[in-house]
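As structure tokens, the structure follows; a few thoughts come after it.
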Amino acid sequence: RKEVEQDPGPFNVPEGATVAFNCTYSNSASQSFFWYRQDCRKEPKLLMSVYSSGNEDGRFTAQLNRASQYISLLIRDSKLSDSATYLCVVNIGSNYQLIWGAGTKLIIKP
Amino acid sequence: EAQVTQNPRYLITVTGKKLTVTCSQNMNHEYMSWYRQDPGLGLRQIYYSMNVEVTDKGDVPEGYKVSRKEKRNFPLILESPSPNQTSLYFCASSFRDSADTQYFGPGTRLTVL
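Protein chains in written order, with the working numbering: chain A, 2 to 111; chain B, 773 to 885.
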């Protein structure tokens, strides 16, 4: 079993729709969680950190479920510019490596 | 402009010919790392550095070397490249450690024939 698993997609979603995807992690000692966005083999960029209480940034909402060991990303009112690959990242401590998921590809269609 | 730069951006080489990919950041970050990205596998860390003269292996260090003589530079060296090192390589830096936001360079697409 991979340490961080994501549905590779692609998720084909009409513009304006709401889309959500999850990421599961295997290490219960994981401390920090992030979502990064990567456009077409360009460099990943931080989208948002995921806090225990959940957090929201505009149309994006991230949540953490420690009991079931997954994090989620919800995108509301999706835009064409949201088309990208979303990478889930887990960290078990500041002196440890980041563990990256393989990414979920999202395609927003007009 | 705060950034991470990598050179070259694209490289086609032959098996066994030593090469170096440079990485430089201008944000005074302490933590730097190298990743390779292959389809379906996600980013895999090759080496990382917590500070000058401090480097450590990541998940896939075989066939690679690094050095951190200055805070801003973290070159990746392939002493004898092989075709299985054909990949997209990213350098990243962060303020202090792996728990901080990672800032990535634009990537180096390496092909080893």
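Where is the CB? At the ideal position from N, CA and C, for every residue including glycine. Since the model is a prediction, treat every value here as computed from it, not as a measurement.
Asked	Found
So, does the region 99–110 of chain A touch the region 14–30 of chain A, judging by three or more C-beta pairs under 8 Å?	yes
Would you mind giving the Cβ-Cβ distance between Thr883 of chain B and Ile784 of chain B, rounded to the nearest angstrom? I have them listed as a contact below 8 Å.	5 Å
Mind listing the chain A neighbours of Ala774 of chain B? Cutoff is C-beta to C-beta under 7 Å, in chain order.	Result: empty, since nearest Cβ-Cβ is about 13 Å, beyond 7 Å.
So which of B:Tyr819, B:Val838, B:Asn823, B:Ser839 has the shortest CA-CA distance to Gly830 of chain B?	B:Tyr819
Any idea if Leu48 of chain A is buried or exposed, counting beta-carbon neighbours within 10 angstroms, 16 or more meaning buried?	buried
In this structure, how does DSSP classify Ser870 of chain B when only helix, strand and coil are distinguished?	coil
Can you give me the start and stop residues for the beta strand (DSSP E) that Asp89 of chain A sits inside?	Here residue 89 of chain A is Cys; the residue named in the question, Asp, does not match the sequence. Start and end: 85–92.
Between the alpha carbons of Arg67 of chain A and Thr827 of chain B, how many angstroms are there, rounded?	32 Å
Who are the near neighbours of Thr873 of chain B in its chain, counting only those whose CB is closer than 7 Å to its CB and skipping five residues on each side?	Ser866
Indicate the three-state DSSP secondary structure (helix, strand or coil) for Gln64 of chain A in the structure shown.	strand
Phe12 of chain A and Thr105 of chain A look like a contact to me (Cβ under 8 Å); what is the Cβ gap, rounded to whole Å?	7 Å
Given a threshold of 16 other Cβ atoms within 10 Å of its Cβ, counted over all protein chains shown, does Gly814 of chain B qualify as buried or as exposed?	buried
Grab the span of the beta strand (DSSP E) containing Gln39 of chain A for me, first residue to last.	33–39
Among the residues of its own chain, which have a CB less than 6 Å from the CB of Ala774 of chain B, if the five just before and after it don't count?	Met799
Between Thr873 of chain B and chain A, is any beta-carbon pair separated by less than 9 Å?	yes
May I have the straight-line CA-CA distance separating Asn92 of chain A from Gln98 of chain A, to the nearest angstrom?	6 Å
Let me make sure I understand the geometry here. Which of B:Gly812, B:Asp810, B:Arg808, B:Tyr803 has the alpha-carbon closest to that of Glu842 of chain B?	B:Tyr803
Between which two residues does the beta strand (DSSP E) containing Glu6 of chain A stretch?	5–7
Closest Cβ-Cβ distance between Tyr820 of chain B and chain A: below 9 Å?	yes
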